[in-house]
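Reviewing the structure listed below.
In my numbering, the protein residues as written are 434 to 784.
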């Protein structure tokens, strides 16, 4: 039995012979929401791979631009490779879940529809590393070649057993593991329960993190690839870079998500409780960073500042503000002291 029903049920897994007939080892998928400007470039970067054992799944998340027409046009050109589906619920968290529901491959890769696979041999190299290491999770570079893959990680390593604490340390420090698009993973790492994803379909940001932390927490053997495979595009006005009224509520949900999954980690990082408190403060700093880009009047912003200050995660976390970078420590201190106008001015001056 395997995961795959949009209704949240289990269904029969394709046999190995069926998979070979489909020629599918990787399921590459993209949630698509009003992505017409960059969508074709993203699709081409997958179809131009020097590798054939993949499928491409395009999940339209209620787009109102030309994205659905673009998806359908490419499906007609490559019906043997491309599947187009519509997301049942609105929001990028559920769209990513739909990507997984409709995947048939052994390994899954979920990318953004405005990004590209910059290495035409990425899938071939992933296949090679997966077979050589027998990993269930592969993490690769998506940044400049000179930057280390992750802090204090051995390059091209295989991490398993007690060394998995390195993975957990990254999440406990809000490190480089949040995205889904810097990893490919075996389908059996996916949590089969749809319930939390349906309940949190409204999340305004952090939807990569919400799925990624579950995948990493379930991984037993992790391979690291010191090779840039992916180009992440910073798109002004995207959900990642703009304020949304649900952001405070989203921050609370992400704080709880990190706590729930951290409870399953073994071994646990040292000082985990203190690190989780510091993570909560950083989540609130993310909300404030996005809030400063709005034209909300100060009285409306002040309500949000006050809600954050009075929240339990903030009040419990201030004792760990020393763990934050200097700029964020200042923000937390101003919030704690109810210096809202000074805080608002400071945020407005940030680059």
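Even for Gly, the Cβ is constructed at its ideal location relative to N, Cα and C. Only a predicted model underlies this, so the values are computations on that prediction, with no experimental measurement involved.
| Asked | Found |
| --- | --- |
| Integer Cβ distance of residue 662 from residue 557, believed to fall under 8 Å | Not confirmed; about 11 Å, so no contact. |
| Residue of 507, 496 and 459 minimising C-alpha distance to residue 475 | 507 |
| Residue span of the alpha helix (DSSP H) that contains residue 680, given as start and end | 680 to 695 |
| Beta strand (DSSP E) runs wholly inside the region 455 to 498, at least 3 long, in chain order | 459 to 465 and 487 to 493 |
| Strand pairing of residue 656, partner residues [DSSP] | 571 and 591 |
| Bridge partner(s) assigned by DSSP for residue 664 | 549 |
| Range covered by the beta strand (DSSP E) that runs through residue 514 | Looking at the DSSP string, residue 514 is not in any beta strand (DSSP E), and its letter there is neither H nor E. |
| Identity of the residues DSSP links to residue 617 by a beta bridge | 571 |
| Buried or exposed by the 16-neighbour rule on C-beta atoms within 10 Å, applied to residue 684 | buried |
| Touching by the beta-carbon criterion (3+ pairs, under 8 Å), the region 695 to 714 and the region 744 to 758 | yes |
| Buried versus exposed call for residue 443 [16 or more other C-beta atoms within 10 Å across all chains shown] | Residue confidence is low: residue 443 scores 39 on pLDDT, short of 50, so the model does not pin down where it sits. No coordinate-derived value is stated. |
| Contact under 8 Å by Cβ, residue 529 with residue 628 | no |
| Burial state of residue 562 (16 or more Cβ within 10 Å) | buried |
| DSSP three-state assignment for residue 541, whether helix, strand or coil | strand |
| Span separating the alpha-carbon of residue 488 from that of residue 460 | 5 Å |
| The region 519 to 539 touching the region 646 to 660, judged by at least three CB pairs closer than 8 Å | no |
| Runs of alpha helix (DSSP H) wholly within the region 702 to 742 (minimum 4 residues, chain order) | 705 to 724 |
| Residue closest to residue 698, alpha-carbon to alpha-carbon, out of 653, 482, 727 and 731 | 653 |
| Helix, strand or coil at residue 676 [DSSP, three-state] | coil |
| Nearest neighbour of residue 597, chosen from 619, 491 and 695 [CA to CA] | 695 |
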